[in-house]
């Protein structure tokens with residue numbers, strides 16, 4: 471659910487943008503699919519609310535994330551399936567706890583909060599709020615890992631904060647109210663969960679475990695947890711008594727195209743481009759999310775929203791990181807060449 475976003479190097483140190491079409495295509499596809507994530511999920515939520523099955527919205531956090539985690543988990547697990555048992559046997563109790571913590575934050579709590587925040591907020595508001603994952607990750611890494619804050623961090627944080635407050639202030643002045651407090655609370659939980667998973671993900675990657683162990687197994691287990699929750703809360707009909715639009719939208723579009731397609735595009739992008747270049751392009755997913763929400767869902771795109779988005783984007787780009795902090799570990803990007811592997815997965 472949320473791939474790496476990072477501050478690129480300063481212009482004088484930034485690597486050149488990829489010139490070959492073979493590098494541009496996966497990068498562009500990754501940005502497009504990542505930016506469409508919230509818009510498609512919000513559209514599915516609204517459509518399901520208008521087309522109830524047995525009086526219930528057939529689009530729920532449990533069946534959506536069961537299928538998307540299942541698709542991505544299998545993609546990460548299958549390449550290393552032959553040595554999986556041996557690799558798992560080498561894990562100690564502390565290693566298993568670390569994997570459980572990382573999965574609990576980035577694969578369960580973060581996605582659940584992301585889903586419920588999106589139920590109460592617009593795609594644009596939710597996208598801007600989740601831009602806080604990056605600076606919060608940096609602060610947590612400073613606190614837990616002793617990492618230095620990047621140059622320009624406080625200016626970057628101020629720009630992101632201003633970009634978040636501007637649309638909210640305009641909304642309060644115009645209508646006398648701001649976004650739903652419930653949605654804001656869920657967004658805060660999601661930001662903290664994804665930021666925590668970024669820090670724990672660094673510790674996971676430092677151990678250099680195979681992708682099948684580091685991500686494949688936790689992602690599949692998380693998928694099973696979501697499946698069990700769906701059965702307990704709704705029963706088997708939540709999966710079997712559904713409509714064609716659900717199968718196409720949830721399995722075809724969200725699980726296979728957005729979730730799995732985005733990860734495969736990210737893997738190909740890392741094979742041809744540096745981490746800094748991918749991070750630079752990845753920040754453009756915010757633009758895709760804002761524009762797609764306005765065009766596909768009819769969300770208002772006024773001056774305050776555009777100005778706030780520009781401030782957030784400037785905040786993402788003004789500072790410099792030695793590598794991107796990611797809000798959700800990428801299950802397939804770990805297969806890229808070691809020379810381009812950042813110190814986390």
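In our numbering, the protein residues as written are 471 to 815. Every residue, glycine too, gets a C-beta built ideally from N, C-alpha and C.
- The beta carbon of residue 507 lies closer than 6 Å to those of 728 in the same chain, with the five residues before and after it left out.
- Between residue 687 and residue 541, the alpha-carbon positions lie close to 12 Å from each other.
- Between the alpha carbons of residue 625 and residue 553 lies a gap of roughly 47 Å.
- Considering only 660, 643 and 713, the residue with the shortest C-alpha distance to residue 581 is 660.
- Between the alpha carbons of residue 703 and residue 683 lies a gap of roughly 30 Å.
- Taking C-alpha positions only, residue 744 is separated from residue 495 by approximately 15 Å.
- Counting every other CB atom within 10 Å of its CB across the protein chains shown gives residue 710 a total below 16, marking it as exposed.
- Judged by beta-carbon spacing, residue 760 lies beyond the 9 Å limit of residue 748, meaning their Cβ atoms are not closer than that value.
- Judged by DSSP secondary structure, residue 643 falls within the alpha helix (DSSP H) whose first and last residues are 623-645.
- Between the segment 641-653 and the segment 561-580 there are fewer than three C-beta pairs closer than 8 Å, too few to call the two in contact.
- In the three-state DSSP reduction, residue 589 falls in the helix class (H, G or I).
- Setting aside the 5 residues that flank it on each side, residue 731 is surrounded in the same chain by 499 and 503, each with a C-beta closer than 8 Å to its C-beta; the list follows chain order.
- Taking all protein chains shown into account, residue 613 has fewer than 16 neighbouring C-beta atoms within 10 Å of its C-beta and is therefore exposed.
- The beta carbon of residue 531 sits closer than 8 Å to the beta carbons of 581, 582, 585, 586 and 696 from its chain, once the five residues preceding and following it are set aside; these are given in chain order.
- Residue 708 places its beta carbon less than 9 Å from that of residue 533.
- By the neighbour-count criterion, in which 16 or more other beta carbons inside 10 Å mark a residue as buried, residue 570 falls on the exposed side.
- Rounded to whole angstroms, residue 756 and residue 544 show a C-alpha spacing of 28 Å.
- With the rule of 3 Cβ pairs closer than 8 Å, the segment 555-562 does not count as touching the segment 714-728.
- In this structure, the beta-carbon distance from residue 501 to residue 754 falls below 9 Å.
- Residue 526 is bridged by DSSP to 523.
- Note on residue 510: 16 or more other CB atoms within 10 angstroms of its CB, so buried under the neighbour-count rule.
- Assignment of residue 676 by DSSP, reduced to helix, strand and coil, places it in the helix class.
- Counting the other CB atoms within 10 Å of its CB gives residue 656 a total of 16 or more, which places it among the buried residues.
- Taking the C-beta atoms as reference points, residue 700 is found nearer than 9 Å to residue 536.
- In the three-state DSSP reduction, residue 565 falls in the helix class (H, G or I).
- Residue 732 sits in a helix when the DSSP states are folded into three classes.
- Taken in chain order, the complete alpha helix (DSSP H) segments of 4 or more residues contained in the segment 700-769 are 707-710, 731-742, 745-752 and 755-767.
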